[in-house]
Structures are given as structure tokens and as C-alpha cells.
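Chains as they are written, first to last, in my numbering: chain A, 5 to 348; chain C, 5 to 348. Yeah, the Cβ is synthetic: ideal placement off N, Cα and C, and Gly gets one too. Quantities reported herein were computed from a predicted structural model and do not represent experimental measurements. The next block holds one structure in the form of C-alpha cells; read it before the comments.
There are 2 protein chains.
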Amino acid sequence: MSDRVNRQWRLKTRPVGMVKESDFEYVEEPAESPGEGQVLVRNFMVAFEPAMRGWIEDVESYVPPVGIGEVMRASTVGVVVESKAEELAVGDIVTGTLGWQEYPLVDTRAPSIFGGAQKLPPGATAEQALSVFGLTGLTAYFGYLDVGQPKEGDVVLVSGAAGATGSIAAQIARIKGASKVVGIAGGPEKCKWLTETLGLDAAIDYKSEDVSSRIAETCPDGVDLFFDNVGGAILEAGLDNMAQKGRIVLCGGISAYNEETQPPGPRNYMQLVIRRCRMEGFIVIDYMNRIGEAMVDLGTWVAEGKLVAETDVQHGMENVPKTFLRLFEGKNRGKQLCQIGDAP
Amino acid sequence: MSDRVNRQWRLKTRPVGMVKESDFEYVEEPAESPGEGQVLVRNFMVAFEPAMRGWIEDVESYVPPVGIGEVMRASTVGVVVESKAEELAVGDIVTGTLGWQEYPLVDTRAPSIFGGAQKLPPGATAEQALSVFGLTGLTAYFGYLDVGQPKEGDVVLVSGAAGATGSIAAQIARIKGASKVVGIAGGPEKCKWLTETLGLDAAIDYKSEDVSSRIAETCPDGVDLFFDNVGGAILEAGLDNMAQKGRIVLCGGISAYNEETQPPGPRNYMQLVIRRCRMEGFIVIDYMNRIGEAMVDLGTWVAEGKLVAETDVQHGMENVPKTFLRLFEGKNRGKQLCQIGDAP
Numbered sequence: 005m006s007d008r009v010n011r012q013w014r015l016k017t018r019p020v021g022m023v024k025e026s027d028f029e030y031v032e033e034p035a036e037s038p039g040e041g042q043v044l045v046r047n048f049m050v051a052f053e054p055a056m057r058g059w060i061e062d063v064e065s066y067v068p069p070v071g072i073g074e075v076m077r078a079s080t081v082g083v084v085v086e087s088k089a090e091e092l093a094v095g096d097i098v099t100g101t102l103g104w105q106e107y108p109l110v111d112t113r114a115p116s117i118f119g120g121a122q123k124l125p126p127g128a129t130a131e132q133a134l135s136v137f138g139l140t141g142l143t144a145y146f147g148y149l150d151v152g153q154p155k156e157g158d159v160v161l162v163s164g165a166a167g168a169t170g171s172i173a174a175q176i177a178r179i180k181g182a183s184k185v186v187g188i189a190g191g192p193e194k195c196k197w198l199t200e201t202l203g204l205d206a207a208i209d210y211k212s213e214d215v216s217s218r219i220a221e222t223c224p225d226g227v228d229l230f231f232d233n234v235g236g237a238i239l240e241a242g243l244d245n246m247a248q249k250g251r252i253v254l255c256g257g258i259s260a261y262n263e264e265t266q267p268p269g270p271r272n273y274m275q276l277v278i279r280r281c282r283m284e285g286f287i288v289i290d291y292m293n294r295i296g297e298a299m300v301d302l303g304t305w306v307a308e309g310k311l312v313a314e315t316d317v318q319h320g321m322e323n324v325p326k327t328f329l330r331l332f333e334g335k336n337r338g339k340q341l342c343q344i345g346d347a348p
Numbered sequence: 005m006s007d008r009v010n011r012q013w014r015l016k017t018r019p020v021g022m023v024k025e026s027d028f029e030y031v032e033e034p035a036e037s038p039g040e041g042q043v044l045v046r047n048f049m050v051a052f053e054p055a056m057r058g059w060i061e062d063v064e065s066y067v068p069p070v071g072i073g074e075v076m077r078a079s080t081v082g083v084v085v086e087s088k089a090e091e092l093a094v095g096d097i098v099t100g101t102l103g104w105q106e107y108p109l110v111d112t113r114a115p116s117i118f119g120g121a122q123k124l125p126p127g128a129t130a131e132q133a134l135s136v137f138g139l140t141g142l143t144a145y146f147g148y149l150d151v152g153q154p155k156e157g158d159v160v161l162v163s164g165a166a167g168a169t170g171s172i173a174a175q176i177a178r179i180k181g182a183s184k185v186v187g188i189a190g191g192p193e194k195c196k197w198l199t200e201t202l203g204l205d206a207a208i209d210y211k212s213e214d215v216s217s218r219i220a221e222t223c224p225d226g227v228d229l230f231f232d233n234v235g236g237a238i239l240e241a242g243l244d245n246m247a248q249k250g251r252i253v254l255c256g257g258i259s260a261y262n263e264e265t266q267p268p269g270p271r272n273y274m275q276l277v278i279r280r281c282r283m284e285g286f287i288v289i290d291y292m293n294r295i296g297e298a299m300v301d302l303g304t305w306v307a308e309g310k311l312v313a314e315t316d317v318q319h320g321m322e323n324v325p326k327t328f329l330r331l332f333e334g335k336n337r338g339k340q341l342c343q344i345g346d347a348p
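Below you can see the structure in the form of C-alpha cells.
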């Protein structure tokens with residue numbers, strides 16, 4: 005038994021409508037000691053993603069919901085501080101879905117990607133491991149390339165383009181030969197970042213511009229590939245501007261995640277018929293057997309300076325739920341992280 | 005100048021909400037005489053399809069809208085009564101998009117499928133030419149096989165299954181190796197016809213049953229391929245019951261065609277993400293260069309008695325608009341036709 009304190013945030017109540025800080029409860033417990041095949045990790049970086057809002061709904065989905073009273077599920081990076089497993093030694097930096105807690109106990113033999121922990125890719129920082137080399141980068145990579153099936157010269161539209169996944173998808177589009185990449189984001193600062201730093205051809209500020217008419221203006225021949233993270237009115241605006249045989253990659257629908265009742269779907273979905281388009285969803289965990297190919301590409305692009313993996317790092321264990329809320333307030337640019345302890 | 009009278013129905017007003025007989029105007033004109041390269045046809049069979057409701061909206065679509073005062077656009081079968089074209093002789097039976105009129109003038113050199121007329125496929129009746137060997141059969145064939153990409157053993161769901169396209173799609177599913185075919189239709193008579201005559205495994209009566217729970221009951225492992233002609237609540241029920249990697253073929257959305265304002269899209273479209281599904285639309289005119297392969301298959305299946313091409317034939321030029329309305333009243337079983345004159 006160590007005298008370490010495992011500070012943690014547990015799910016207290018299922019949110020109704022917009023998730024609140026008070027839906028989580030701060031708890032301190034003595035950290036446990038690892039048994040055979042286990043390691044104790046000290047988390048120092050926590051990652052946030054919109055999909056986590058779905059994990060705390062009491063509905064059947066692609067992963068079981070987080071139970072009331074359970075530590076909130078999240079990807080993290082930490083350092084091994086005690087080891088009773090051959091696979092990992094004290095001092096190893098690891099990443100896994102280890103939750104909103106300081107001292108997770110990890111079973112290194114856990115089969116699921118929601119159990120164990122892996123060492124970071126060689127040379128990767130904690131920030132990179134949780135963004136471009138984590139589920140975010142893989143989601144952008146396989147969503148854009150495998151589901152989107154891009155063709156040379158495609159006109160590409162990305163919503164949530166200043167977000168973690170959107171910003172990587174938009175850059176992959178540019179790298180992979182799109183003739184034009186247009187991003188949708190909220191506010192002039194994000195829009196400027198999209199065009200000036202990420203090299204997008206145009207950016208649409210959904211907070212101050214009419215999205216549909218701006219898509220029509222920037223993509224006069226229509227959109228061949230629409231990578232959508234937002235849903236709602238943004239998805240409708242995209243549907244109204246698709247080119248024939250266009251493809252819509254459904255990556256997420258953040259506009260609806262905090263709605264108390266399920267909002268209507270896209271009113272104009274029959275544009276899929278008129279324009280002969282395809283709309284397809286995916287879940288990145290289906291691609292876990294193909295991580296290797298993604299890592300090679302993503303690693304090369306980062307090393308060559310072609311791919312910017314922006315992170316927004318907040319600080320403090322006490323600010324973890326608050327940091328989660330930033331996603332839905334549109335505050336983050338790039339991957340939302342929270343550093344909860346010192347890096348070793 | 006012949007003394008033939010060209011009885012016709014013209015679009016009088018653009019319908020608001022449910023289309024009415026009074027949206028069309030009965031007109032009589034002297035039939036015209038064919039010029040060089042033209043023939044005069046006497047239509048005797050008119051076909052109806054839900055998509056025609058879209059053609060009379062004043063919106064840009066895959067075909068231009070029918071203008072106010074123009075003869076209503078429709079597929080027909082007729083006989084050539086005068087010819088000044090080498091391609092067609094008096095007495096030839098032809099089909100084309102010749103409209104709600106008795107004596108259309110046809111330019112045999114018209115390039116568009118919305119212009120000219122072709123002889124019927126060898127051995128085909130007028131009814132067959134307008135159903136299984138017409139756009140209806142082609143829509144079912146390419147929608148199911150090309151867009152749906154069926155796999156051996158698929159569990160298949162078809163909505164509007166007693167309609168013209170749905171009934172053919174459902175039978176193609178059975179012929180092409182689906183492990184189960186379930187049809188959705190309105191009323192016990194249609195449902196009985198689906199299972200007893202068409203050989204479907206189960207039928208769901210949307211008028212008296214809870215569609216979603218009946219899909220769950222009849223397809224406990226989920227639906228691999230959903231061929232949707234209806235949209236609205238039926239599409240939502242299908243989305244809630246898709247198997248992973250399922251495909252939804254968007255063929256039509258008759259539930260919304262007569263709505264005054266565009267109804268909401270499928271509330272649960274994010275099931276496409278959770279279940280990793282694809283939803284894709286198509287327009288049959290894109291397949292005109294592949295008619296040959298479809299005709300061989302469809303012809304063989306009809307000849308072998310594997311494919312029933314049901315038609316619902318009403319009578320009388322005066323009843324043409326009324327017959328169109330039957331589609332939206334759910335009255336037709338199979339292809340809706342109206343005989344407006346004697347077959348030669």
C-alpha cells in the first residue's frame with residue numbers, strides 16, 4: 005500500500021442537456037498497489053473529446069456507458085511509478101484510456117483498448133500521443149482516407165475545422181491532393197489560423213457568416229468530400245452544396261451532443277438522392293489493426309513539418325471537468341488537453 | 005393536319021401540400037402532324053411514379069420542373085400512327101416520356117431520354133415496358149445491386165415493398181441470395197401479397213404495427229441492407245435497426261413528397277456513425293449506359309417466373325390525375341398505370 009492519493013473525478017449524475025461541472029464529483033482515495041501483471045501509473049496529461057459526452061448517456065452505443073460513480077473515462081498519458089509487470093518498467097511513459105484520475109492501476113494484459121496502456125510512439129511527446137498519434141489522428145486519417153475515399157483534385161469541406169480531428173483531417177486533405185480545402189470554424193481567430201497556419205484555401209466563420217451561401221461561393225462546383233464533425237445546420241448547409249457523387253464522412257455531430265431531446269435530422273437529406281451522394285459513419289476502433297500504416301504517414305508528415313498538431317493545454321486536476329466543457333463552448337483550438345501533474 | 009384530337013392534361017398550378025386533381029387542367033387540341041424525322045404516337049397506357057410529384061415543384065433537381073401550362077411529364081406506351089422518320093413505322097409500339105396526352109409528337113432524333121421514343125423490348129407487353137422493363141425495374145435493379153452492394157446472406161429490409169420499385173427490389177433481393185427479406189407495406193392485403201405471392205420472409209404493416217419493434221423482431225441480428233422508398237418515420241425505424249456496416253439505399257421518400265414544408269430529417273441519423281453504416285442516394289438515369297445487363301437479368305427472371313411484375317391498371321383519360329393521386333393514398337399494389345385508349 006503506497007501513501008499516494010488517487011485524486012479523481014467520478015460521474016455523479018447523467019447530464020440533462022448541457023453537461024455541467026456538477027455532473028462530476030471530486031473524490032480522493034488511497035492509490036492501490038499493483039498486483040501481478042499490473043502497474044501503477046501517475047497520469048499527468050488528460051485528453052478530451054466530444055464523443056465523451058456520448059459515453060455518459062445511458063444508451064447502448066459502440067462502448068458501454070460510464071456508470072454513475074465510476075471514474076470518468078478518458079485518454080491520458082502518464083508515467084509508470086510501480087510495476088509488477090514484465091511489459092512495463094518504472095519510468096516508462098504510457099498512454100491509455102485511464103480516466104480522470106491521478107493514479108490508475110493498469111492491467112497490462114488487458115485485451116481491450118479500453119483497458120491496458122502502451123508506451124508512447126518513439127519520439128512522441130505526451131501532447132502528440134494524445135492528439136496526432138492518438139485516437140484523434142487515427143480518426144482523421146481513417147475517416148478521411150478510408151471512409152472518404154478521396155480522389156485527386158477533390159474539393160473538400162471540413163466542419164469543426166479548428167477542432168482536434170477536423171484540423172488534422174483538413175491538413176491530410178491538403179497533403180493528399182485536394183484541389184481546395186475549405187474549413188468551417190467559429191470566430192475570426194480560428195478562421196485566420198486555418199488559412200494562415202494550416203494552409204487551408206478558405207475558412208467560413210459560422211458565427212458571423214451564412215454558411216450555405218459561403219460554401220456555394222468558395223466551392224462553386226460543389227463539394228466532393230465533406231468531413232463533418234458538427235451535424236445540425238452545418239450538415240444541412242453541406243448537403244445543399246454537394247457535387248454529384250459527393251461523399252459525406254460522418255465523424256461526429258457535436259451540435260447535438262448536449263441537446264435534451266434529439267434534434268431533427270438533416271431536413272434536406274434527400275439531396276443525397278438528387279445529387280447521388282453517400283453519407284457514411286465510422287468508429288475509429290474498427291481500424292486498430294491498421295494503426296501501423298497511419299503512424300508511418302502521420303509521423304512522416306509531422307517530421308516534415310507538413311502537419312501541425314495544435315493542442316490547447318489547460319492546467320490542474322481541479323479544472324478537469326471545466327476543461328471538458330470548453331469543447332462545447334467552442335473554446336479549444338486543436339486538441340483539448342489538461343495537464344494534471346508534472347511531466348517526469 | 006389530321007383531324008385527331010390531342011386530349012391532354014396540363015399542369016395548371018403548382019400544388020401546395022397534397023397534390024390535387026385541380027392542379028391539372030384538361031385541354032383538347034388538334035393533334036399536330038409530324039415533320040421530317042418525327043412520328044405521331046397515340047398513347048394508350050400512362051405510367052405514374054412518386055418522383056413525378058417532385059417534377060412539379062419549382063425547384064432545381066435532376067430534371068427541370070414541368071412548367072405551368074405544359075403537358076404533365078410521364079412515361080407512356082403508344083402506337084405510331086403517322087411517321088416521317090426512318091427509325092419508326094406506323095404500327096410500331098413505342099415507349100417514352102411522352103406525357104399525359106393522347107397524341108404526342110415525337111422527334112426520333114431527340115438525344116435525351118426525356119425526348120424520343122423506343123420500340124418495346126421484344127416480347128414485352130405495355131404493362132411490362134412501363135414496370136419491370138422500364139425505369140421502375142431499372143431503378144430497383146441498379147439501386148439494389150449497384151448502390152446496395154448486396155452480400156450473400158444479407159438480411160434485407162424494403163419499405164414501400166408493395167409499390168412498383170419496392171416489390172421488384174424485394175424480389176431481386178430474394179433472387180440474389182439474401183438470407184431474409186422483410187417488406188414494409190400498408191394494410192393486411194398488401195402484407196399477405198408480399199409473403200404469399202412474392203415470397204418474402206415477413207411483412208410489416210406500418211398502419212397497424214410498431215415498425216421499429218417489428219423490424220427488431222424479424223431481424224434480430226440487424227438489417228444489412230435497407231432499400232428505402234419512404235423516408236420519415238420508416239427511415240428512422242430502419243436506422244434504429246441496422247447491423248454494423250449496413251447499407252441504406254435511398255431510393256425515394258414518398259412520405260414527404262406532399263408536405264407543405266420540408267419535414268425534419270431522420271432524428272437518429274447518427275446511428276450511421278455508431279453502427280458504421282452508409283446511406284446513399286442515386287438517380288436511375290445515371291445507369292442508362294448499362295440498360296443491357298439489367299434487361300438480360302430482368303427478362304430472364306420474368307421468363308423463369310421468379311419475378312412478378314404486378315401492375316394496377318386504371319382506365320380513362322379523364323381519370324389520369326385521379327390515378328396519380330392513388331400513389332399518395334397508398335392504393336396501388338405494384339406499378340400504377342392508366343389505360344387511356346385501346347391497345348392496337
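A distance of 9 Å or more separates the beta carbons of Pro38(A) and Thr80(A). Per DSSP, the beta bridge partners of Pro34(C) are Val9(C). The stretch 204 to 214 of chain A makes contact with the stretch 176 to 193 of chain A; the number of CB pairs closer than 8 Å reaches 3 or more.
Nearest in C-alpha terms to Ala220(A), of all of Ala237(A), Leu229(A) and Met246(A), is Met246(A).
Arg251(C) is a Cβ neighbour of Glu284(C), given a cutoff of 9 Å. Identification of residues in the stretch 266 to 300 of chain C having a C-beta nearer than 9 Å to some C-beta of chain A yields Gln266, Pro267, Pro268, Gly269, Pro270, Arg271, Asn272, Tyr273, Met274, Gln275, Leu276, Val277, Ile278, Arg279, Arg280, Cys281, Arg282, Met283, Glu284, Gly285, Phe286, Ile287 and Asp290, given in sequence order.
Here Lys326(A) has Glu25 and Gln318 as same chain residues with Cβ atoms under 8 Å from its own Cβ, once five neighbours each way along the sequence are excluded. Proximity of chain C to Tyr30(A) at the Cβ level (cut-off 7 Å) is not reached, the minimal Cβ distance being about 31 Å. Straight-line measurement puts the Cα of Leu102(A) at about 48 Å from the Cα of Ile287(C). DSSP places Arg330(C) in the uninterrupted alpha helix (DSSP H) bounded by Val324 to Phe332. Assigned with DSSP and collapsed to three states, Met49(C) falls in strand. Per DSSP, Ser163(A) is not a residue of any alpha helix (DSSP H); the beta strand (DSSP E) it occupies stretches across Val159 to Ser163. Under DSSP, Leu229(C) shares a beta bridge with Val160(C) and Arg251(C). By the C-beta density criterion, Thr201(C) is exposed, having fewer than 16 other C-beta atoms within 10 angstroms. By the neighbour-count criterion, in which 16 or more other beta carbons inside 10 Å mark a residue as buried, Thr169(A) falls on the buried side. Listed in chain order, the alpha helix (DSSP H) elements of length 4 or more contained wholly in the stretch 168 to 219 of chain A are 168 to 179 and 192 to 200. Inter-segment contact for the stretch 302 to 320 of chain A and the stretch 136 to 148 of chain A is present: three or more beta-carbon pairs are separated by less than 8 Å. Beta-bridge analysis with DSSP links Glu240(C) to no other residue.
Under DSSP, the beta-bridge partners assigned to Ala121(A) are Gly100(A). The beta carbon of Leu149(C) lies closer than 6 Å to none in the same chain, with the five residues before and after it left out.
Residue pairing by DSSP places Gln340(C) opposite Phe52(C) and Asp316(C) in a beta bridge.
Of the residues assessed, Ala93(C) falls on the exposed side of the cut-off, its CB having fewer than 16 other CB atoms within 10 angstroms. Nearest to Leu329(A) by C-alpha distance, out of Met56(A), Lys16(A), Arg8(A) and Tyr30(A), is Met56(A). Tyr66(A) has a beta carbon lying within less than 9 Å of a beta carbon in chain C. In this structure, Lys194(A) sits near Ala166(A), with a CB-CB distance shorter than 9 Å.
For Thr80(A), the enclosing beta strand (DSSP E) stretches over residues Thr80 to Ser87. Looking only at Lys16(C), Ser259(C), Gly152(C) and Leu134(C), the smallest Cα-Cα distance to Ala182(C) is reached by Gly152(C). Within chain C, the residues placing a beta-carbon under 7 Å from that of Leu254(A) are Leu276 and Val277, ordered along the chain. Note that the C-beta distance between Pro348(A) and Leu229(A) is not below 9 Å.
With respect to the 9 Å criterion, Val63(C) and Pro54(C) are not classified as neighbours on the basis of their beta carbons.
Between Asp232(A) and Leu254(A), the C-beta gap is smaller than 9 Å, which places the two residues in contact.
According to DSSP, residue pairing for Gly269(C) in a beta bridge involves Gly269(A). Along the stretch 224 to 240 of chain C, going in chain order, the ones with a CB nearer than 9 Å to a CB of chain A are Gly235, Leu239 and Glu240.
When Met49(C), Val110(C), Ala51(C) and Gln42(C) are compared, the shortest CA-CA separation from Lys88(C) is found for Gln42(C).
Between the stretch 292 to 306 of chain C and the stretch 264 to 276 of chain C, the count of C-beta pairs closer than 8 Å stays below three; the two stretches do not touch.
Bounds of the beta strand (DSSP E) holding Met283(A) are Arg282 to Gly285.
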